[in-house]
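Below is one structure, written out as structure tokens; the observations come after it.
In my numbering, the protein residues as written are 2 to 120.
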């Protein structure tokens, strides 16, 4: 079991509360800090690695479990559920006008997990 797997397959923005970054040291180290970084993540392809496709595949698998009535925490663990919610909200906004396929998965996940999406 690799406890850090989430940072590598489901990235998220920094955890900020009251305009102060409050995330763990791992969150501060691996967080995606800008729209540009998020877009670079989604466009990255090298030596057979396609991060957007990996992200899409993982989220699609989680979505199928959510549609079957399972809670996200039962699939990825309670500790990583907030990171998943944060990633879904962040990347939904990033992909809204540029990647309809991924965006649809993110919108469905947000609805099933009761994640508030920015307008």
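The beta-carbon is built from N, C-alpha and C at its ideal position, and this holds for glycine as well.
Collapsed DSSP secondary structure at residue i in the structure displayed
i	result
residue 116	coil
residue 61	helix
residue 100	coil
residue 51	strand
residue 71	coil
residue 77	helix
residue 21	strand
residue 32	coil
Cβ shell of residue i (< 7 angstroms), same chain only, five flanking positions each side left out
i	result
residue 111	89, 90, 93 and 118
Those residues which DSSP pairs with residue i across a bridge
i	result
residue 38	Note: residue 38 sits in no beta bridge, so no partner.
residue 93	DSSP output for residue 93 lists no bridge partner at all.
residue 46	51
Contact set for residue i: own chain, Cβ-Cβ below 8 angstroms, skip 5 residues either direction
i	result
residue 102	57
Neighbourhood of residue i by C-beta, 6 angstroms cutoff - its chain only, sequence neighbours within 5 removed
i	result
residue 22	15
For residue j and residue i, believed in contact at Cβ under 8 angstroms, the rounded distance
i	j	result
residue 27	residue 8	6 angstroms
Original post:
Between the stretch 60-69 and the stretch 27-37, do at least 3 Cβ pairs fall closer than 8 angstroms?
Top reply: no
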